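Structure record follows, encoded as structure tokens.
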Amino acid sequence: MAPVPLLVFFALFQPLLICASKEDEYLAFKKCLPFNCGKLGEIGFPFTNNTSPEICGPYAVDGCHENSQRIQLVRGGKWFELNNISQAGTISITEEDLRGHLNSNSCDSFNNLSLPPSLPYLSIQEFSNLTLFKCDPSVNFPHRLGLNYTGCKNFSIYYTRDTSLPSPPPTCSILQLPVNKTESYGDIFRLLTATFSIEVFVSRPCYHCYLQRGECHIIEGKFKCIHSIEESKKLRLKLGLGNLPPRNV
Ligand SMILES: *[C@@H]1O[C@H](CO)[C@@H](O)[C@H](O)[C@H]1NC(C)=O
Ligand SMILES: *[C@@H]1O[C@H](CO)[C@@H](O)[C@H](O)[C@H]1NC(C)=O
Ligand SMILES: *[C@@H]1O[C@H](CO)[C@@H](O)[C@H](O)[C@H]1NC(C)=O
Ligand SMILES: *[C@@H]1O[C@H](CO)[C@@H](O)[C@H](O)[C@H]1NC(C)=O
Ligand SMILES: *[C@@H]1O[C@H](CO)[C@@H](O)[C@H](O)[C@H]1NC(C)=O
Ligand SMILES: *[C@@H]1O[C@H](CO)[C@@H](O)[C@H](O)[C@H]1NC(C)=O
Ligand SMILES: *[C@@H]1O[C@H](CO)[C@@H](O)[C@H](O)[C@H]1NC(C)=O
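The following block contains the structure:
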């Protein structure tokens, strides 16, 4: 093909392509209506009901017609009990396994929470937490931390009221677990709590970028979606590779 018709081809089709993707987005969002969810009331993006497609929002909520509701912080991930959603995007959730462990004074309480790692479209704000040192029982903790729990066979737990912490011996691991600030420091299983608040934040363009398998970057205050499927399609078309099957690499 001569260069001139090619140019005309792209001048014609490039705007159409953009329109088509806007149209798809519009249709998808039309299907993503706010919905009523039990005691939470009416909720919408970034929350969706469990049967809606992921493009409607990353956080699937379930049990809207039951007494308690559940939420997934990542699709297909762990379910948390969802207590409430504030206007500011703070949600109160309960880790039910931890609640069970704390209620039965179990040594299984002393494990890291399985919250999702930070994702490009999601930021999980830290919660009020207590730092615990989980040490081999044979370790003689060299610092006077003040508080300990030695009721577990395989490890001892050391913690303190102070905010400044010593660095622990190398055989200790560090745990940060949510804490109930109204409780006294006497009983570790009451001081720790399985109910805590996190802030879930989603920028809509970043989320769409993520769905397109792109990397979301904020460059000089402007949103950029890099390496997305849409972007590479456009690039292939620009290079005249639009109709070729994907190369085997
Ligand atoms: C989930 O949302 C879709 C679309 O808004 C709706 O058709 C469906 O009935 C909802 N499902 C439940 C369980 O509420
Ligand atoms: C949300 O639920 C938590 C735990 O049940 C409670 O402590 C908090 O006060 C509630 N917040 C709102 C705004 O209702
Ligand atoms: C625990 O609290 C500290 C101090 O506020 C904070 O830097 C840290 O990110 C928190 N950790 C978690 C897991 O929220
Ligand atoms: C744990 O705390 C108690 C009371 O403060 C103290 O007597 C004991 O020596 C501590 N145990 C360890 C292993 O540090
Ligand atoms: C202690 O550790 C052993 C081996 O790692 C494990 O089999 C056992 O279940 C642990 N006991 C407790 C009480 O966690
Ligand atoms: C908890 O997570 C932190 C950070 O990922 C890690 O450094 C620490 O070793 C973990 N603690 C335990 C007891 O697994
Ligand atoms: C914190 O402790 C108080 C007093 O025991 C209790 O009433 C409250 O329910 C606890 N809150 C959480 C989130 O566990």
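Counting from 14, one number per residue, gives the positions in the sequence shown under the numbering used here.
Beta carbons are placed, not taken as given, at the ideal position from N, Cα and C, and that holds for glycine.
Every value quoted in this text rests on a predicted model; they were computed, and no experiment measured them.
- Under DSSP, R83 takes part in a beta bridge, and its partners are D75, E94.
- Here I232 is exposed: its Cβ has fewer than 16 other Cβ atoms, across all protein chains shown, within 10 Å.
- Residue side-chain check: S169 places its Cβ nearer than 7 angstroms to a non-hydrogen atom of ligand 4.
- In the DSSP assignment, N116 falls within the unbroken alpha helix (DSSP H) covering 109-116.
- The chain-ordered list of residues whose CB is nearer than 6 angstroms to some heavy atom of ligand 7 reads N193, T195, E196, T206, T208.
- Fewer than three Cβ pairs drawn from the region 213-220 and the region 166-177 lie within less than 8 angstroms of each other, which leaves the two stretches out of contact.
- C77 places its beta carbon less than 8 angstroms from that of N62.
- Burial of F209 is indicated by the presence of at least 16 other C-beta atoms within 10 angstroms of its C-beta.
- The nearest non-hydrogen atom of ligand 2 is less than 7 angstroms from the C-beta of S105.
- Going by DSSP, F146 is part of the beta strand (DSSP E) stretching over 142-148.
- Bounds of the beta strand (DSSP E) holding P191 are 185-191.
- For C219, the enclosing alpha helix (DSSP H) begins and ends at 217-224.
- For F58, the CB stays at least 7 angstroms from every heavy atom of ligand 3.
- Residue pairing for I231: DSSP places it in a beta bridge opposite F236.
- Under the DSSP assignment, F202 falls in the alpha helix (DSSP H) whose first and last residues are 201-204.
- Residue nearest to N118 within the set T163, G70, E228 is T163 (criterion: CA-CA distance).
- Comparing alpha carbon positions, the residue from Y198, T144, D200, A101 closest to S186 is T144.
- Between G51 and Q82, the C-beta gap is smaller than 8 angstroms, which places the two residues in contact.
- CA-to-CA, the gap between W92 and C222 works out to about 25 angstroms.
- In its chain, beyond the 5 residues on either side, H114 have a beta carbon closer than 7 angstroms to the beta carbon of D121.
- Just measuring C-alpha positions, the residue of P59, P183, N80 sitting nearest D149 is P183.
- For R157 and P181, the gap between their C-alpha atoms comes out near 11 angstroms.
- Taking C-beta atoms as the reference points, V192 and L205 count as a pair closer than 8 angstroms.
- In the three-state reduction of the DSSP assignment, L158 falls in the coil class, being assigned neither a helical nor a strand state.
- With respect to the C-alpha of L128, the residue from S65, I84, Y198, K247 having the closest C-alpha is I84.
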